[in-house]
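Inspection log for the structure reproduced underneath, given as structure tokens.
Numbering (the working numbering), first residue to last: 17 to 125.
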């Protein structure tokens, strides 16, 4: 069961923002599954960095299909440290921004 969903466009180069359940200390890879065809793709993470507790993953995905759902698992040394669902659409342009506090009243996403 997934509690969130990442919305991306069909560009080959992607940056995923996650909060994994473990600190990254090893090699990272992502296993992506197309929910329609059930085909799995294993992709190495090109690079990663942290901003506060948020992990930014740079990956190259050359199999994305418009208007398609995927699931992915982030693996560190073959152990799952994060999982999420992806919706791929050409309409996704900067849909995610880091939360910010507006006049200490609420969080804007």
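Idealized CB from N, CA, C, for every residue including glycine.
- In the DSSP secondary-structure assignment, residue 77 is not bridged to any residue.
- Looking at the DSSP output, residue 46 bridges to 59, 90.
- The residue among 70, 102, 20 with its C-alpha nearest the C-alpha of residue 49 is 102.
- One alpha carbon belongs to residue 68, the other to residue 34, and they sit about 11 Å apart.
- In the DSSP assignment, the residues bridged to residue 65 are 72.
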